[in-house]
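> Chains as they are written, first to last, in our numbering: chain L, 1 to 358; chain D, 1001 to 1234.
1. Taking the C-alpha atoms as reference points, what is the distance between residue 1130/D and residue 265/L?
2. Quick check on residue 1106/D: buried or exposed, where buried means 16 or more other Cβ atoms within 10 Å of its Cβ?
3. Taking the alpha-carbon positions, what's the residue 1064/D to residue 1038/D distance?
4. Pairing CB atoms from the stretch 90-98 of chain L with CB atoms from the stretch 73-80 of chain L, are three or more of them under 8 Å?
5. Would you mind reading off the limits of the alpha helix (DSSP H) that contains residue 128/L?
6. Which bits of chain L does residue 1074/D rub up against, with CB to CB less than 8 Å?
7. Please classify residue 1060/D: does DSSP put it in a helix, a strand, or coil?
8. Which residues in the same chain as residue 1213/D place their Cβ atom closer than 6 Å to its Cβ, once the five residues preceding and following it in sequence are excluded?
9. Just to make sure I have the definition right: I need the residues of chain D whose C-beta is within less than 7 Å of the C-beta of residue 201/L. Which are they?
10. Strictly below 8 Å CB to CB, what residues from chain L border residue 1147/D?
11. Does the CB of residue 1048/D have a neighbour CB from chain L at under 8 Å?
12. By alpha-carbon positions, which one of 26/L, 51/L, 341/L and 324/L ends up nearest to residue 179/L?
13. Would you list, in chain order, the members of the stretch 183-196 of chain L that have their beta-carbon closer than 8 Å to a beta-carbon of chain D?
14. Grab the span of the beta strand (DSSP E) containing residue 1033/D for me, first residue to last.
15. Distance check for residue 1049/D and residue 1068/D, CA to CA, integer angstroms please.
16. Name the one or two DSSP bridge partners that residue 1214/D has.
17. Using the beta-carbon count (16 or more within 10 Å), is residue 123/L buried or exposed?
18. I believe residue 322/L touches residue 47/L by the beta-carbon criterion, under 8 Å. Please report the beta-carbon distance rounded to the nearest angstrom.
19. Do the CB positions of residue 1051/D and residue 1023/D come within less than 8 Å of each other?
20. Once the 5 residues before and after residue 9/L are set aside, which same chain residues still bring their CB inside 8 Å of it?
21. Comparing alpha-carbon positions, which option in 17/L, 11/L and 39/L lies nearest residue 246/L?
22. For a quick check, are the C-beta atoms of residue 1159/D and residue 1074/D less than 8 Å apart?
23. Alpha carbons only, please: which of 276/L, 338/L and 195/L is nearest the one belonging to residue 36/L?
24. Is there a Cβ of chain D sitting closer than 8 Å to that of residue 204/L, yes or no?
25. Exposed or buried, residue 336/L, counting other C-beta atoms within 10 Å across all chains shown (16 or more means buried)?
26. Check the DSSP bridge columns for residue 1005/D and list the partner residues they point to.
27. At which residue ranges does the stretch 16-55 of chain L contain complete alpha helix (DSSP H) runs of 4 or more residues, listed in the order of the chain?
28. Tell me which same chain residues have a C-beta within less than 7 Å of the C-beta of residue 1009/D, skipping the five on either side of it?
29. On the DSSP letters alone, give me the boundaries of the beta strand (DSSP E) that residue 1023/D sits inside.
30. Find the nearest neighbour of residue 1099/D within the set 185/L, 13/L and 204/L, judged by alpha-carbon distance.
31. Quick check: the Cα distance between residue 239/L and residue 146/L, rounded to an integer number of angstroms?
32. Spatial neighbours of residue 1006/D within its chain, please: CB distance less than 8 Å, with the 5 preceding and 5 following residues excluded, ordered by chain position.
33. For the beta strand (DSSP E) holding residue 1074/D, just list the boundary residues, first then last.
34. Less than 8 Å between the C-beta atoms of residue 62/L and residue 103/L, yes or no?
35. For chain L, check one thing: does any of its Cβ atoms lie closer than 8 Å to the Cβ of residue 1040/D?
36. Could you say which of 1162/D, 1154/D, 1072/D and 1151/D lies nearest to residue 1142/D if we only look at CA atoms?
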């Protein structure tokens, strides 16, 4: 079992009471802040799912396809077959995992990794988006569609909870914790070493007896399944799905950017990335909307500014902070601890040399 | 123990091995010698399943190895120490050793084998937490051999263990090979450093442009004028 440290427990308790703190502090805009938190948690889950494979050099731009498959399968099965999301979600997740295996198998067999893997998965995203747009009688095309509301909008059977923000928050929180649990399980497994080894030297990994293709397929299916689950829950919360919000290249790129920004190799890196990107995009939106000067300068193009800033930041992160925000902080702390330890050793040694007791 | 019959192999549109036949008996140390590009590395890659043979038969203790994936070949008792050592540079020494025991059967005996390998190479125990890529060439070779032993092999394939090492270190590495033999491992080593390797093996095969040119006891080859002229510059 996984042991939880004391600071983590305190953090969990804080997250548990957070909705009530918000209610006290911002009673007027409670819904807005909760919405922001829910978005952060849901995306954190999706980002964590992506980082499961991203950290092993498998840079997928295809995860926008998997979130899309999860969301659309769930909603379409509900709207047109009357199938409860309790069954629709597992189906969506399974379809995403199967698609991941179908795309992954030839890639890993033929040793397509790195740039070509990214391009191939990018094509997958575009393919899924085109399918969604083309199948507009069911999917609503590029306008998107909504799950049919069941009763008053809160229902266990229809898995609808959007009107109750506090409930939605706890659902998102539970999902996020589940994502962290999966990450830790993978991190402590033998598969993690195998994937790490394979990403450093595929031939050497094969020659020590690692079935590289199988290891990669396992993590790819898991990662795709998590993103599909995240997409489906996201759809249930938003009560709207569109090819731009939950499927497609924009989603893929957001995932990659957020995880790079937060840190790919640490447990909470994707979460930090989600906080960073959500706060950034909200901040930019509010600034741009509220600023007459920006609008006067750029006109309606001002609304595309956030994308430009995103792109610029991504370049800066890759150059100056390849370990991401959290990864860099942890690294720095470790280094300063090491320096401190060495320093105290040295003082001890010099004291001893002078014949004094430390 | 290992038997190859009429093995052909190659890469896209280029054949590297032509009808290679050879045997390695249990407990033997055998060398494959030859110049650059003779096909020595290809031969080892074929044996460990990294490159499929296009024709011929290959058996390990009378079990066919043809068309078997590399991880199965490791399970059959063959460990490959690849050319240029090929450690996982950003994993610690101990994690590298852990990877050597990746096969399920080996995993169960990980702790025991780790003790054994550390007793063979105390140097690695001192360096267990160091990143493998930051060690010296000789230590890396030691680590690569140790990693191969972690799978509990009967036969160890060594590809060019002296490559890129200073002469004094080469000596130490060949000493490691001698110790492996003393521990009861069967060894198949591929080398360009002909004069040195012939001193530590029982028999050798001479590979020239993908074909076995000659073979025999190491002492005989060491004394042969032809080999001395062509490969030792004497």
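Glycine residues also receive a C-beta, built at the ideal position from the N, C-alpha and C atoms.
Taking the definition as stated:
1. To locate residue 1130/D, count along the second chain from 1; it is residue 130. To locate residue 265/L, count along the first chain from 1; it is residue 265. Residue 1130/D and residue 265/L: Cα-Cα distance of roughly 19 Å.
2. Here residue 1106/D corresponds to residue number 106 of the second chain, with the count starting at 1. Residue 1106/D is buried by the Cβ-count criterion.
3. Working through the second chain from its first residue, we reach residue 1064/D at position 64. Working through the second chain from its first residue, we reach residue 1038/D at position 38. In a straight line, the C-alpha of residue 1064/D is about 25 Å away from that of residue 1038/D.
4. Touching, per the Cβ criterion.
5. Translated into the one-based positions of the first chain, residue 128/L becomes position 128. It spans 115-134 - the alpha helix (DSSP H) in which residue 128/L sits, taken as one unbroken run.
6. Here residue 1074/D refers to the residue found at position 74 of the second chain. Under the 8 Å cutoff, chain L gives 207, 208 and 209.
7. Taking the second chain and counting its residues from 1, the one referred to as residue 1060/D is at position 60. Strand.
8. Residue numbering aside, residue 1213/D sits at position 213 when the second chain is read from its first letter. Around residue 1213/D: 1206.
9. Walking along the first chain from the start, residue 201/L turns up at place 201. Result: 1086 and 1088.
10. Here the question's residue 1147/D lines up with position 147 in the second chain. Correct list: 208.
11. Counting from 1 along the second chain, the entry for residue 1048/D is found at position 48. Yes, its Cβ sits closer than 8 Å to a Cβ of chain L.
12. Indexing the first chain from 1 puts residue 179/L at position 179. Put simply, of 26/L, 51/L, 341/L and 324/L the residue whose alpha carbon is nearest the alpha carbon of residue 179/L is 51/L.
13. Of all residues in the stretch 183-196 of chain L, those with a C-beta nearer than 8 Å to a C-beta of chain D are 190, 193, 194 and 196, reading in chain order.
14. Numbered from 1 along the second chain, position 33 holds the residue referred to as residue 1033/D. 1029-1033 is the extent of the beta strand (DSSP E) around residue 1033/D.
15. For the purposes of this step, residue 1068/D is taken as residue 68 along the second chain, with counting starting at 1. For the purposes of this step, residue 1049/D is taken as residue 49 along the second chain, with counting starting at 1. It is roughly 6 Å from the alpha-carbon of residue 1068/D to the alpha-carbon of residue 1049/D.
16. Looking up residue 1214/D in the second chain gives position 214. According to DSSP, which records beta bridges pairwise, residue 1214/D is partnered with 1206/D.
17. The sequence position of residue 123/L within the first chain is 123, counting from 1. When all chains shown are included, residue 123/L counts as exposed.
18. Taking the first residue of the first chain as position 1, residue 322/L is located at position 322. Taking the first residue of the first chain as position 1, residue 47/L is located at position 47. With a Cβ gap of about 17 Å, residue 322/L and residue 47/L do not count as contacting.
19. Translated into positions along the second chain, residue 1051/D becomes position 51. Translated into positions along the second chain, residue 1023/D becomes position 23. A distance of 8 Å or more separates the beta carbons of residue 1051/D and residue 1023/D.
20. Mapped onto the first chain, residue 9/L falls at position 9. Result list for residue 9/L: empty, nothing under 8 Å.
21. Within the first chain, the letter at position 246 stands for residue 246/L. Minimum Cα-Cα distance from residue 246/L among the listed residues 17/L, 11/L and 39/L corresponds to 39/L.
22. Position 159 of the second chain, counting from 1, holds the residue named residue 1159/D. Position 74 of the second chain, counting from 1, holds the residue named residue 1074/D. For the 8 Å CB-CB criterion, residue 1159/D and residue 1074/D do not form a contact.
23. The residue you call residue 36/L lines up with position 36 of the first chain. Nearest in C-alpha terms to residue 36/L, of all of 276/L, 338/L and 195/L, is 276/L.
24. Residue 204/L sits at position 204 when you count from the first residue of the first chain. When Cβ-Cβ separations below 8 Å define contact, residue 204/L makes contact with chain D.
25. On the first chain, residue 336/L is found 336 positions in, with the first residue counted as 1. It is exposed - the Cβ of residue 336/L has fewer than 16 other Cβ atoms within 10 Å.
26. For the purposes of this step, residue 1005/D is identified with residue 5 of the second chain, where counting begins at 1. Beta-bridge pairing links residue 1005/D to 1057/D.
27. For the stretch 16-55 of chain L, whole alpha helix (DSSP H) runs of length 4 or above, ordered along the chain, are 30-54.
28. Counted from its first residue, the second chain places residue 1009/D at position 9. Take residue 1009/D, set aside five residues on each side of it, and the residues of its chain with a beta-carbon closer than 7 Å to its own are 1016, 1017, 1042, 1046, 1051, 1053 and 1054, in chain order.
29. Translated into positions along the second chain, residue 1023/D becomes position 23. From DSSP, the beta strand (DSSP E) with residue 1023/D extends over 1014-1024.
30. Residue mapping note: residue 1099/D aligns to position 99 of the second chain, counting from 1. Comparing Cα-Cα distances from residue 1099/D to each of 185/L, 13/L and 204/L, the minimum goes to 204/L.
31. Position 239 of the first chain, counting from 1, holds the residue named residue 239/L. Position 146 of the first chain, counting from 1, holds the residue named residue 146/L. In this structure, the CA atom of residue 239/L is about 6 Å from the CA atom of residue 146/L.
32. Taking the first residue of the second chain as 1, we reach residue 1006/D at position 6. Scanning its chain for C-beta atoms nearer than 8 Å, with the 5 sequence neighbours on each side dropped, one finds around residue 1006/D the residues 1019, 1020, 1021, 1055, 1056 and 1057, in chain order.
33. On the second chain, position 74 is the one that residue 1074/D refers to. No beta strand (DSSP E) contains residue 1074/D, which is instead part of the alpha helix (DSSP H) from 1070-1075.
34. As a position in the first chain, residue 62/L is number 62, starting the count at 1. As a position in the first chain, residue 103/L is number 103, starting the count at 1. Cβ distance < 8 Å, so residue 62/L and residue 103/L count as in contact.
35. On the second chain, position 40 is the one that residue 1040/D refers to. Not one chain L Cβ lies under 8 Å of residue 1040/D.
36. As a first step, residue 1142/D must be located in the second chain, where it is residue number 142. Ranked by how close their Cα comes to the Cα of residue 1142/D, the residues 1162/D, 1154/D, 1072/D and 1151/D have 1162/D in first place.
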